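Enquirer: Residue numbers (our numbering): 33 to 788.
Glycine included, every Cβ here is placed at the ideal spot set by N, Cα and C.
Here the structure is a predicted model, which is why all the values come from computation and not from measurement.
There's a structure below that I have some questions on.
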């Protein structure tokens, strides 16, 4: 009788059904009522006063296993004619009134279409439907109902496959990043003094901050690199101030009893925002604007519990830091410094490696250029040191020591912009081999662009440092066409810092996952960034690397917190071997099987031998990064990565092996050339570098890449022509012209030798 009464009410009062069925069972009936639609990326300078419109392209339908009521609906009415039902549903979809109702309920055109496709499939393909839906459809088929009566059931299904529709207000609150200063109650509970030490490189700004750090009863130094943290730790201990070292991969306690020292030197990401101290030093504060790591400087500046915060960096950050501190009610005291030793821009380019002099440093922006230039220097009977980013810290220090040693025959340095921070080098002259480099934009896309004024000054400032044997520095270019461009770059003022980076925390993502339990971690991050509200002082950092790692291990069963921690690991995603190891680590971890020393040794094929060619050296560098990854994870999951000490021992052995390879790098290059099908191609490299630099500056950017790729008859050596064409640095016509010129020069040179 009760069921018959229910059927009677459903037939007599469909309006009441519209009100009650629009919300899924157990739902309060409240709805966000927000109109969803496509939204452009948030402008950093805009102030959020209204809720952001989410980017619904990020909303992925969730698979729902809906339960039917057996044959109850058919018993009460009659079986459904699925072909007739299909016609009814298609009419329902086309009704403008339904589309308007869906939009008002949170479904934009895209979501409405996806929800309808899913709903139609559910109705047509399922053998049994919920009794109420079956009865409504039967009534419409018999002419006793209206198309609009389907809408509440459609919305119930839509909310099942798009659960974010019912929790949009909660998601917005979680992703509200407009007042990050309030995230750090311990820091807000004290009145901190902010001292900004501003000046160019080699001005003594960090020195003065460190002096105050050493005088204090307790302190923390926060630097951008492991090498800098190591340097401050060593200086502090040498000065009689016990100082512990904390990096992502290393913890060193100096006290024999294991008690933490009052002073800590750490990488910026590792600083504690809950441990009180007297003095904190934040180095390279201008990196607060970094698209990938800026969040770490923001966190340190807003969150450190220190009575005095000494920040060091470029003067271009003064106004912004002052404005940012107004949100915390703290004033900024500014100390300005001038460079201790002068450096000048040469009026002449080097033009030829024959013109190198002791104390020269050639700066390249790719590892391939490093190899090519060092090979050409060796051909001239000169010895050079080599430093680039992927080298282990020990190898970098060994190469720096070799170059700085006045008794060592090595007087030339070939390096990337990795020398910009963290190494003390006795450089007389900086020589830019190129002025273009690959950068990552706000969207995480790689693009070729001219170096910025800030980058140029950071690198050029390494010449003639106060502590080196050269009291004056000089900067120039390898090629004549680049010199006026360098002068123009260095003549500009540094772009001011305008915003500070933020990053979603593990807690925020966990709250998102509570509301969206079926979403992947990568999708959760995307939705978070889409909804995140920030004011004009902040921006959300690039999360492409995080998402890349999240996608790699998405299929591996991990709890959300562990998955989040794994995805914050500092991995270069351009290294396939490291990414593969990361995947294996996560899979082993998910099985609750500890990653032992023996397991790692089997994975990396330890013991390893000295490299025989460049390919071997690159592989050893990747293995070193894998061991770094193990150590990084060992401090987050100690039980599952139990052999950190043994791993550190073999990593030191590996560092020594890599040092041998780098000392013999020109021999490795020769071996690689001998194994190459085009061994003579490397001899053209200096000219190639000139083309790469000047043509990129004069002829433009990647807009010509696609057009260049369409040129099919590339007849030149693939190591030169095809690469320049593919990178958009050379057109097919210009390449053919250059081929003729090279060929002509070669013939003239041969004829000249015969005459002699």
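Contact between the region 312-324 and the region 248-258: three or more CB pairs below 8 Å?
Expert: Yes, the region 312-324 is in contact with the region 248-258.
Enquirer: Fully enclosed by the region 298-384, which beta strand (DSSP E) runs are 3 residues long or longer?
Expert: Here the runs fully enclosed are 309-314, 338-345, 364-368, 375-377.
Enquirer: Contact between the region 387-401 and the region 446-464: three or more CB pairs below 8 Å?
Expert: Yes, since at least three Cβ pairs between the region 387-401 and the region 446-464 fall closer than 8 Å, the two stretches touch.
Enquirer: Does the Cβ of residue 441 have 16 or more other Cβ atoms within 10 Å, making it buried, or fewer, making it exposed?
Expert: Residue 441 should be labelled exposed.
Enquirer: Does the beta-carbon distance from residue 207 to residue 565 come in below 9 Å?
Expert: Yes, the pair counts as a contact, with Cβ atoms nearer than the cut-off.
Enquirer: Out of 384, 246, 280, 372, point me to the one whose CA is closest to residue 266's CA.
Expert: Checking every option, the nearest Cα to that of residue 266 belongs to 246.
Enquirer: Beta-carbon separation of residue 367 and residue 226 under 9 Å?
Expert: It is not a contact, given that the beta carbons lie outside the stated cut-off.
Enquirer: Any idea what DSSP makes of residue 291, helix, strand or coil?
Expert: Here residue 291 sits in coil by DSSP.
Enquirer: Could you give the C-beta distance for residue 659 and residue 686, rounded to a whole number, given that I count them as a contact under 8 Å?
Expert: About 7 Å separates the two Cβ atoms, so the contact holds.
Enquirer: Around the Cβ of residue 554, are there at least 16 other Cβ atoms within 10 angstroms (buried) or fewer (exposed)?
Expert: Buried, because 16 or more other Cβ atoms sit within 10 Å of the Cβ of residue 554.
Enquirer: For residue 657, collect the residues of the same chain with a Cβ closer than 8 Å to its Cβ; drop the 5 residues on either side in sequence, then sort them by chain order.
Expert: Once the five neighbours on either side are set aside, the close Cβ partners of residue 657 are 422, 603, 604, 607, 610.
Enquirer: Give the straight-line distance between the Cα atoms of residue 649 and residue 643, rounded to the nearest whole angstrom.
Expert: Each residue's Cα considered, the two are about 5 Å apart.
Enquirer: Out of 507, 490, 517, which has the shortest C-alpha to C-alpha gap to residue 463?
Expert: The candidate whose alpha carbon is nearest that of residue 463 is 507.
Enquirer: Between which two residues does the beta strand (DSSP E) holding residue 533 run?
Expert: Per DSSP, residue 533 belongs to the beta strand (DSSP E) from 532-534.
Enquirer: Quick check on residue 469: does DSSP put it in helix, strand or coil?
Expert: In the structure shown, residue 469 sits in a strand (DSSP, three-state: E or B).
Enquirer: Does the region 614-625 come into contact with the region 580-594, if we say contact requires no fewer than three beta-carbon pairs (one atom in each stretch) closer than 8 Å?
Expert: Flag = yes, the region 614-625 and the region 580-594 touch.
Enquirer: Are the region 210-226 and the region 283-299 touching by the rule of at least three beta carbon pairs closer than 8 Å?
Expert: Output reads no: the region 283-299 does not touch the region 210-226.
Enquirer: Buried or exposed for residue 287, please, with buried defined as at least 16 other CB atoms from any protein chain shown within 10 angstroms of its CB.
Expert: Residue 287 should be labelled exposed.
Enquirer: Ordered along the chain, which non-local residues of its own chain (more than five positions away) have a Cβ less than 8 Å from that of residue 274?
Expert: 268, 286, 287, 293, 294, 295.
Enquirer: Spell out a yes or no on whether the region 407-423 and the region 696-703 are touching, meaning 3 or more CB-CB pairs, one atom from each, closer than 8 Å.
Expert: Yes, since at least three Cβ pairs between the region 407-423 and the region 696-703 fall closer than 8 Å, the two stretches touch.
Enquirer: Spatial neighbours of residue 341 within its chain, please: C-beta separation below 6 Å, excluding the five flanking residues on both sides.
Expert: Within the same chain, residue 341 has close Cβ partners 224, 226, 312.
Enquirer: Mind the definition here: the region 145-161 touches the region 117-137 only if three or more C-beta pairs lie below 8 Å; say whether that holds.
Expert: With a cut-off of 8 Å, the region 117-137 and the region 145-161 count as touching, because enough Cβ pairs lie within range.
Enquirer: Roughly how many angstroms lie between the CA atoms of residue 264 and residue 236, to the nearest whole one?
Expert: Cα to Cα, the separation comes out at about 14 Å.
Enquirer: Taking just the CA atoms, how far does residue 563 sit from residue 148?
Expert: In a straight line, the C-alpha of residue 148 is about 25 Å away from that of residue 563.
Enquirer: Ordered along the chain, which non-local residues of its own chain (more than five positions away) have a Cβ less than 6 Å from that of residue 525?
Expert: Counting only Cβ-Cβ distances below 6 Å, and skipping sequence neighbours, we find nothing.
Enquirer: Which whole-angstrom value is the C-beta distance of residue 277 and residue 455, which I expect to be below 8 Å?
Expert: Not really, about 17 Å apart at Cβ, beyond 8 Å.
Enquirer: Measuring CB atoms only, is the region 568-586 touching the region 545-554, in the sense that at least three cross pairs come out at less than 8 Å?
Expert: With the cut-off at 8 Å, the region 568-586 and the region 545-554 touch.
Enquirer: Tell me, please, which residues DSSP counts as bridged to residue 507.
Expert: BP columns for residue 507 point to 377, 462.
Enquirer: By how many angstroms is the C-alpha of residue 540 removed from the C-alpha of residue 196?
Expert: Spanning the two alpha carbons is a distance of roughly 15 Å.
Enquirer: Does the beta-carbon distance from residue 233 to residue 261 come in below 9 Å?
Expert: Result no, Cβ atoms of residue 233 and residue 261 do not sit closer than 9 Å.
Enquirer: Distance check for residue 361 and residue 209, CA to CA, integer angstroms please.
Expert: For residue 209 and residue 361, the distance between alpha carbons rounds to 19 Å.
Enquirer: Per DSSP, what kind of secondary structure is residue 149 in: helix, strand or coil?
Expert: Correct three-state label for residue 149: helix.
Enquirer: Using the Cα positions of residue 329 and residue 144, report the straight-line distance between them to the nearest angstrom.
Expert: Distance between the alpha carbons of residue 329 and residue 144 is about 42 Å.
Enquirer: Report the residue ranges of all beta strand (DSSP E) runs contained in full by the region 420-465; include only those spanning at least 3 residues, in chain order.
Expert: Fully enclosed beta strand (DSSP E) runs of 3 or longer: 444-447, 461-464.
Enquirer: Between residue 460 and the rest of its own chain, which residues show a CB-CB distance below 6 Å, the 5 nearest in sequence each way excluded?
Expert: Only 391, 502 meet the Cβ criterion.
Enquirer: Around the Cβ of residue 499, are there at least 16 other Cβ atoms within 10 angstroms (buried) or fewer (exposed)?
Expert: Flag for residue 499 reads exposed.
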